[in-house]
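Quick mapping for you: the protein sequence lines, in order, are chains B and V.
Residues 2 to 334 in our numbering are what the first sequence spells out, letter by letter.
Residues 810 to 1164 in our numbering are what the second sequence spells out, letter by letter.
Where is the CB? At the ideal position from N, CA and C, for every residue including glycine.
Reviewing the structure listed below.
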Amino acid sequence: MTATSDTTPSRVLSAPLQVAFDYTRSTGLVLGAFMTGLRERRILAARTSDGRVVVPPVEYDPVTHAAVSADDLVEVGATGTVVTWTWVSEPVPGQPLDEPFAFALVTLDGATAPMLHAVKADGPQSLQTGMQVSAVWSDQPQGHITDIQYFEPTGEARGGSPAAASAGSPDAPEGVTQVITPVELDYIYEASPEESAFFRAIAEGRLVGQRCPKCQKVYIPPRGACPVDGVPTAEEVELPDSGIVTTFCIVNVPFLGQKIKPPYVSAYILLEGADIAFLHLILGIPADEVRMGMKVRAVWKPREEWGTTVENISHFEPTGEPDADYESYRAHL
Amino acid sequence: MRDVAVVGFAQRQMSHFDGSPTMVELLVPLFAELWEQTGWSKDDIGFWCSGSSDYLAGRSFSFVSAVDAIGTLPPVNESHVEMDAAWALYEAWVKIQTGEVDAALVYGFGKSSAGLLRRVLALQLDPYVLTPLWPDTVSIAALQARLGLEAGRWSEEDLAAVVAGSRSAATANPYALLSGETSVDKLLAEPMFSDPLRKHDCAPVTDGAAAIVIAAGDRARSVCERPAWITGYEHRTDGQNLSLRDLSRAPSVAGAASRLDLAGVDVAELHAPFSHQELLLREELGLDDSVSVNPSGGPLAGNPMFSAGLIRIGEAARRIQDGTAGKVLAHATSGPALQQNLLCVMSGTSTGGGN
Chain B
2 MTATSDTTPS
12 RVLSAPLQVA
22 FDYTRSTGLV
32 LGAFMTGLRE
42 RRILAARTSD
52 GRVVVPPVEY
62 DPVTHAAVSA
72 DDLVEVGATG
82 TVVTWTWVSE
92 PVPGQPLDEP
102 FAFALVTLDG
112 ATAPMLHAVK
122 ADGPQSLQTG
132 MQVSAVWSDQ
142 PQGHITDIQY
152 FEPTGEARGG
162 SPAAASAGSP
172 DAPEGVTQVI
182 TPVELDYIYE
192 ASPEESAFFR
202 AIAEGRLVGQ
212 RCPKCQKVYI
222 PPRGACPVDG
232 VPTAEEVELP
242 DSGIVTTFCI
252 VNVPFLGQKI
262 KPPYVSAYIL
272 LEGADIAFLH
282 LILGIPADEV
292 RMGMKVRAVW
302 KPREEWGTTV
312 ENISHFEPTG
322 EPDADYESYR
332 AHL
Chain V
810 MRDVAVVGFA
820 QRQMSHFDGS
830 PTMVELLVPL
840 FAELWEQTGW
850 SKDDIGFWCS
860 GSSDYLAGRS
870 FSFVSAVDAI
880 GTLPPVNESH
890 VEMDAAWALY
900 EAWVKIQTGE
910 VDAALVYGFG
920 KSSAGLLRRV
930 LALQLDPYVL
940 TPLWPDTVSI
950 AALQARLGLE
960 AGRWSEEDLA
970 AVVAGSRSAA
980 TANPYALLSG
990 ETSVDKLLAE
1000 PMFSDPLRKH
1010 DCAPVTDGAA
1020 AIVIAAGDRA
1030 RSVCERPAWI
1040 TGYEHRTDGQ
1050 NLSLRDLSRA
1060 PSVAGAASRL
1070 DLAGVDVAEL
1080 HAPFSHQELL
1090 LREELGLDDS
1100 VSVNPSGGPL
1110 AGNPMFSAGL
1120 IRIGEAARRI
1130 QDGTAGKVLA
1140 HATSGPALQQ
1150 NLLCVMSGTS
1160 TGGGN
């Protein structure tokens, strides 16, 4: 993340942050059969030892805890009865409908336990506990819970009827064994006041750390509290843009999003006057000549490219001065 | 069992915390408040435990960064739960019971305002058949509320009365976000948000943190005139499958309560983030009208994620410490629609279990 200035003045810097990941999950046999059923526009339920018929099917019996067999699933109807409902007046991203809709617990015909899903309706006045609803299927079912797009009051249901394909037919595709669920979460990430001071300074080409009032150690970037003493760090300390390499590694492995051609060096750099090293790049020297104790200086990007980010420093490069003694930095390893 | 008591409590609640999601800046002054209350320093604490969530923070290992607030040289004995810190306090209580340590500090923190809270919480649901539909926490609570309404177990007026009671009680709570006198009629005139719930039936999105110090026997007596002795501590969970739960009930609450002696409880602080859940909890706990419920205003006045349950314990303990109650009950919840529940009974007199 890079911190960028907010539009309104604030004691801290903030930036939008999106955390996104496609969760790929193996279904196992029972949910695999359920998902395969959905792909064929059929809804499969589990029969539990206490006589309940449960959709989506459970993998283990709620009473005996014995594994449920995928072979014992039973098909239930794609219509059912609303047990309880709520009107979602302000839908959030990812929900089945992006206009106001209902979430409901629906007991499908042939089932005895309800499933949670969406119901599309004109408004809360169109909803009632006990009403009949029917599944509206996706045009191209994939083997995912969202193959049921939503339910609609019965009589209005559209969409495909159960597909003709049945297990065992020569061109039936393989059963579903995994589901992919994309998750995207949006945050406004705020830096701490101390981090904000650091980023505001680096936007002016200055490196600002903070000193612990108790142990006198200087932290850069500043952290808000001394991790040794647990007291707030208040005194600002400006540091030079030169220091030494304490330890480093040579990156040989290519990875997604890599900006520099391997091999290159990622190093812990201890600025003069600082008590904690931070990670940055070492360039301007063959990777195999980088040494512990080597003296380095920051190479800044052109000023017009600066922002509130550590990327204002393109990398560090050797100063050519003699290496520092091991004893002078061993405490920082 | 060793006698263990709450001897220190500090909290912060706000609608928006303008600082980092690790909340180190908020935890440092909280801990300082506890050192002032107890006269102790971090060196007197044998065990640390926190409750928080990376999904709320939007960054990984946020609880590790939060440890900066402790000061960890020499290294400390530390643990974390991805639950409300009321469960972290349970872990600390067990730790003291083992005899390994005599005092513990427990904290919870959460910056709910960093993301869209009711959406983020959909990630606590079944990842195959529920999370892909993004059922938000308010919707799930509303499904539960309607079950009780239509079964005649509570009415819309009952829900509004809970809210009005919370707002009124919260006027005495300096940390409350929502407080003031209102009326059932005024509340019922508000529009629906997630029918049958109105916005005021839902706890406000709250940033905050809280911390509690507990200690055993004479250690507790040495720093607190009237320690709140923990005389019972139980937690249970209902299944995570919403299809198999009777959402209108919370059997895990009744199950935990069945192992506790609740007779003579003067005050109960209940972690009910939705108005109908206070009524549901009262039923499951069998509390009658002689019990003062949520004198702090409860979660409807402020509900910082991952510390609101711990705050219930702190608020209840405070009534013992200031002498206004002899026996109190605190409840905490995690998960959708009261899935996981914890009960902590505290008393002005110890059980005599020893140090």
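For the 8 Å CB-CB criterion, residue 298/B and residue 243/B form a contact. Of the residues assessed, residue 1051/V falls on the buried side of the cut-off, its CB having 16 or more other CB atoms within 10 angstroms. For residue 121/B, the closest C-alpha among the options 12/B, 102/B, 176/B and 106/B is that of 102/B. Taking a Cβ-Cβ threshold of 7 Å, none of the residues of chain V is close to residue 81/B; the smallest such distance is about 12 Å. Every unbroken stretch of the beta strand (DSSP E) spanning 3 or more residues and falling wholly within the stretch 840-896 of chain V is given here in chain order: 856-860 and 887-890. DSSP places residue 15/B within a strand segment (E or B) once states are collapsed to three. In the displayed model, residue 296/B falls within a strand according to three-state DSSP. Judged by their CB atoms, residue 927/V and residue 93/B are nearer to each other than the 8 Å cut-off. Buried is the label assigned to residue 118/B, since at least 16 other Cβ atoms lie within 10 Å of its Cβ.
Between residue 1024/V and residue 814/V, the C-beta gap is smaller than 8 Å, which places the two residues in contact. Rounded to the nearest whole angstrom, the C-alpha separation of residue 1120/V and residue 71/B is 45 Å. Contact between the stretch 307-319 of chain B and the stretch 247-254 of chain B is absent: fewer than 3 CB-CB pairs across the two stretches fall below 8 Å.
Residue 862/V is not a Cβ neighbour of residue 1016/V, given a cutoff of 8 Å. Residue 904/V is classed as buried because its beta carbon has at least 16 other beta carbons within 10 Å across all chains shown. Residues of chain B whose Cβ lies closer than 7 Å to the Cβ of residue 828/V are, in chain order, 13, 191, 193 and 194. Taking a contact to require three or more Cβ pairs closer than 8 Å, the stretch 1031-1046 of chain V and the stretch 1133-1153 of chain V qualify as touching.
Taking 4 residues as the minimum length, the alpha helix (DSSP H) runs contained wholly in the stretch 1079-1135 of chain V are 1084-1094 and 1117-1130, in order along the chain. In this structure, residue 843/V keeps its C-beta atom at 8 Å or more from the C-beta atom of residue 1037/V.
Between the stretch 834-842 of chain V and the stretch 224-241 of chain B there are three or more inter-stretch CB-CB distances shorter than 8 Å, so the stretches are counted as touching. Identification of chain B residues near residue 948/V by a Cβ-Cβ cut-off of 7 Å yields 87, 89 and 104, ordered along the chain. For residue 133/B, the secondary structure class from DSSP, reduced to helix, strand or coil, is strand. Looking at the DSSP output, residue 1038/V bridges to 814/V and 1156/V.
Its Cα nearest to that of residue 884/V, the residue 876/V stands out among 833/V, 891/V and 876/V. The continuous beta strand (DSSP E) containing residue 208/B extends over residues 208-212.
Its Cα nearest to that of residue 246/B, the residue 290/B stands out among 81/B, 290/B, 220/B and 206/B. Here residue 36/B carries a helix assignment [DSSP, helix/strand/coil].
Within chain B, the residues whose beta carbon sits less than 8 Å from that of residue 936/V are 24, 26 and 182, listed in sequence order. Around the beta carbon of residue 822/V, 16 or more other beta carbons sit within 10 angstroms, so the residue counts as buried.
Any Cβ of chain V closer than 8 Å to the Cβ of residue 188/B would place that residue at the interface, and such an atom is present. The C-alpha of residue 156/B is placed about 11 Å away from the C-alpha of residue 132/B.
If you ignore the 5 residues before and after residue 999/V, its C-beta comes within less than 8 Å of the C-beta of 1007, 1008 and 1009, all in its own chain and listed in chain order.
For the stretch 43-92 of chain B, the full-length beta strand (DSSP E) segments reaching 3 residues or more read 44-48, 75-77 and 80-89 along the chain. Taking a 10 Å sphere around the C-beta of residue 953/V, we find 16 or more other C-beta atoms and assign the residue as buried. For residue 145/B, the neighbours in chain V by C-beta distance under 8 Å run, in chain order, 941. Inter-residue distance for residue 302/B and residue 315/B is about 6 Å (C-alpha atoms, whole angstroms). Per the C-alpha coordinates, the member of 296/B, 333/B and 61/B positioned closest to residue 324/B is 296/B.
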